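Trainee:
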Amino acid sequence: MSSNLKALSEHGVSIWLDDLSRNRLESGDLARLIESSYVTGVTTNPTIFANAIAGSDSYASAVSELGAGGASADEAIEALTTADVAAAARLFRPVFDSTNGDDGRVSIEVAPPLAHDAEGTAAAARTLWERVGEPNAMIKIPATEAGLRAISETIAAGISVNVTLVFSLTRYRHVVEAFLQGLEKARAAGHDLNRIRSVASIFVSRVDSEIDGRLDALDDPAAASLKGQAGIANCVLAHEIHSQLFTSERFRVLELAGAKPQRLLWASTGVKNPEYADTMYVSGLVADNTVNTMPEPTMAAFADHGEVTTEISADDYRAADEVFDRLARLGIDYAEVMTVLETQGLEKFDVSWAELQDTIRTALDQS
Numbered sequence: 010m011s012s013n014l015k016a017l018s019e020h021g022v023s024i025w026l027d028d029l030s031r032n033r034l035e036s037g038d039l040a041r042l043i044e045s046s047y048v049t050g051v052t053t054n055p056t057i058f059a060n061a062i063a064g065s066d067s068y069a070s071a072v073s074e075l076g077a078g079g080a081s082a083d084e085a086i087e088a089l090t091t092a093d094v095a096a097a098a099r100l101f102r103p104v105f106d107s108t109n110g111d112d113g114r115v116s117i118e119v120a121p122p123l124a125h126d127a128e129g130t131a132a133a134a135r136t137l138w139e140r141v142g143e144p145n146a147m148i149k150i151p152a153t154e155a156g157l158r159a160i161s162e163t164i165a166a167g168i169s170v171n172v173t174l175v176f177s178l179t180r181y182r183h184v185v186e187a188f189l190q191g192l193e194k195a196r197a198a199g200h201d202l203n204r205i206r207s208v209a210s211i212f213v214s215r216v217d218s219e220i221d222g223r224l225d226a227l228d229d230p231a232a233a234s235l236k237g238q239a240g241i242a243n244c245v246l247a248h249e250i251h252s253q254l255f256t257s258e259r260f261r262v263l264e265l266a267g268a269k270p271q272r273l274l275w276a277s278t279g280v281k282n283p284e285y286a287d288t289m290y291v292s293g294l295v296a297d298n299t300v301n302t303m304p305e306p307t308m309a310a311f312a313d314h315g316e317v318t319t320e321i322s323a324d325d326y327r328a329a330d331e332v333f334d335r336l337a338r339l340g341i342d343y344a345e346v347m348t349v350l351e352t353q354g355l356e357k358f359d360v361s362w363a364e365l366q367d368t369i370r371t372a373l374d375q376s
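Just so you know, we're using my numbering here: the sequence shown kicks off at 10 and counts up by one.
#1: Rank SER11, VAL72, GLU19 by C-alpha distance to the C-alpha of THR368 and give the top, closest one.
#2: With 16 other CB atoms within 10 Å as the buried threshold, where does PRO306 fall?
#3: Taking C-beta to C-beta, are ILE150 and THR173 nearer than 8 Å?
#4: Can you pull the DSSP bridge partners for TRP25?
#5: For VAL208, does the three-state DSSP call read helix, strand or coil?
#6: I need the boundaries of the alpha helix (DSSP H) containing LEU373, first residue and last residue.
#7: Can you find the residues in the same chain that come closer than 6 Å, C-beta to C-beta, to VAL185, ignoring five residues on each side of it along the sequence?
#8: For GLU258, count the other beta carbons within 10 Å of its own beta carbon; 16 or more makes it buried, fewer makes it exposed. Which is it?
#9: May I have the straight-line CA-CA distance separating ASN13 from VAL104, to the nearest angstrom?
#10: Can at least three beta-carbon pairs, one atom from the stretch 134–144 and one from the stretch 71–86, be found at a separation below 8 Å?
#11: Could you tell me which of LEU265, PHE311, LEU100 sits nearest to ASP287, measuring between CA atoms?
#12: Should the stretch 333–346 be regarded as contacting the stretch 37–55, the criterion being three or more beta carbon pairs within less than 8 Å?
#13: Straight-line CA distance for LEU294 to ASP106?
#14: Tell me the rounded alpha-carbon separation between ILE241 and LYS194.
#15: Quick check on ASN54: buried or exposed, where buried means 16 or more other Cβ atoms within 10 Å of its Cβ?
#16: Just list the residues that DSSP pairs ALA276 with in beta bridges.
#17: Just confirm the distance between the C-beta atoms of VAL170 and SER207, as a whole number of angstroms; I'd bet it's less than 8 Å.
#18: Quick check on this structure: which residue in VAL51, ASN60, ALA124, THR91 has the alpha carbon closest to the alpha carbon of GLN353?
#19: In chain order, which continuous runs of the alpha helix (DSSP H) of length 4 or greater are located wholly inside the stretch 280–340?
#20: Using 10 angstroms around the beta-carbon of GLN238, count the other beta-carbons present and answer buried if the total reaches 16, otherwise exposed.
#21: Based on the DSSP output, what are the partners of ILE150 in its beta bridges?
#22: Which one of GLU320, SER23, ARG335, MET303 has the shortest CA to CA distance from THR108?
#23: Between which two residues does the beta strand (DSSP E) containing VAL115 stretch?
#24: Can you give me the start and stop residues for the alpha helix (DSSP H) that GLU44 sits inside?
#25: Where do the N-terminal and C-terminal ends of the alpha helix (DSSP H) with TYR181 fall, by residue?
#26: Exposed or buried, what is ASP248 when buried is set at 16 or more other beta-carbons lying within 10 Å of its beta-carbon?
#27: CB-CB under 6 Å to ILE321, same chain, minus the five flanking residues each way: which ones, in chain order?
#28: Which value, in whole angstroms, describes the spacing of the CA atoms of PHE333 and ARG370?
#29: Considering only their Cβ atoms, is the gap separating PHE358 from ALA276 smaller than 8 Å?
#30: Where does GLU101 sit, in a helix, a strand or coil, going by DSSP?
#31: Report the CB separation of ASN298 from GLY21 in whole angstroms; it is logged as a contact under 8 Å.
#32: Which word fits ASP217, buried or exposed, when buried means at least 16 other C-beta atoms lie within 10 angstroms of its C-beta?
#33: Do you know how far the Cα of THR136 is from the Cα of GLU84?
#34: If THR163 sits next to ALA131, beta carbons under 8 Å apart, how far is it from one beta carbon to the other, in whole angstroms?
Dropping the structure here:
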């Protein structure tokens, strides 16, 4: 067992794997990661399932059965992905029970075409929750304007939510507001707040990729010195907001009724620039009661040579503010960058979803 991953876990960081496939489940690989790598949860998305289904024969018999039953591509996708998530949730059930529901979570995302349809997203979330049928599932909903309304309604229905594609600090504040409104509605409806959990997935590496490209275009030494700093700085400031909003009197009332704070989850933590340390988005984001969801190469890199040297502190808040002040002085428009990133994120999931549909249609036709 890795002492580096153990140290990360002991500092209050929950390690979730950003990947799932039927092969991982059937081969025992996921069980091994739970036992040996301190993995306490799993996140999925359309890209992950597209890669899993296209790259494996593990789904062939299930696809054949679905085809014989006349299932459409979308019906087959829902059947295959919810089955995998339910199986993973059962595997994580001991973790879920031992952590009082904080960990042992497995996330599944609503279909990307619903990103701007609040009612459709909320309905899809209820369907996925019922289809998976395990209490440690989490439904992923993107933090679009429509998504915020769906998040509130889904939490209000007593369903745990992983809020995904969060980039800007303003949007993060809106995410927390949607979460709190949902809890207030859930309490009014008589739901047990202690059973509801949520994470807000703040994306990291994509922020650096977008801003670094703009800094390179400036051809300025002052710009070069800021490369690779914005992603972590953005997360640090989200941590500051979290520390403020979840010590408020409003949340205290909900906490007395059994509510748990929405946790920060660091997403997109695989390093995209080979010039950067491959563990920077793990070592740089150590904070108690947070989640870091990692692709397996990042997890393996941290297990091999990652270090836990410091935790996020108030001093880091001030330093992060300075990073964005310097970026603003160079003409980097924070709000515009974050809008671009959200748009790109939704487009990538749309492309993956279309690829997944095509893969399943082909498999169904051949079955």
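Heads up, the beta-carbon is just placed ideally off N, CA and C, and yes, glycines get one too. Bear in mind that the values here come from a model prediction, so they are computed numbers and not experimental data.
Mentor: Let's see:
#1: VAL72
#2: Result: exposed.
#3: yes
#4: GLY50, THR302
#5: strand
#6: 343–375
#7: LEU254
#8: The residue is exposed, with fewer than 16 neighbouring Cβ atoms inside 10 Å.
#9: About 20 Å.
#10: no
#11: Ranking LEU265, PHE311, LEU100 by Cα distance to ASP287 puts PHE311 first.
#12: no
#13: 26 Å
#14: When rounded, the distance between both Cα atoms is 34 Å.
#15: So ASN54 counts as buried.
#16: PHE212
#17: 5 Å
#18: Nearest neighbour of GLN353 by Cα position, chosen from VAL51, ASN60, ALA124, THR91, turns out to be ALA124.
#19: 289–292, 305–314, 323–338
#20: The residue is buried, with at least 16 neighbouring Cβ atoms inside 10 Å.
#21: In the DSSP output, where bridge partners are listed per residue, ILE150 has VAL172.
#22: The residue with the shortest Cα to Cα distance from THR108 is SER23.
#23: 114–118 is the span of the beta strand (DSSP E), which, as asked, contains VAL115.
#24: 38–45
#25: 178–197
#26: Before going further, note that residue 248 is His rather than Asp in the sequence given. So HIS248 ends up on the buried side.
#27: VAL245, HIS248, ALA296
#28: 46 Å
#29: no
#30: The amino acid occupying residue 101 in the given sequence is Phe; Glu does not appear at that position. Three-state result, PHE101: coil.
#31: 5 Å
#32: buried
#33: 12 Å
#34: 6 Å
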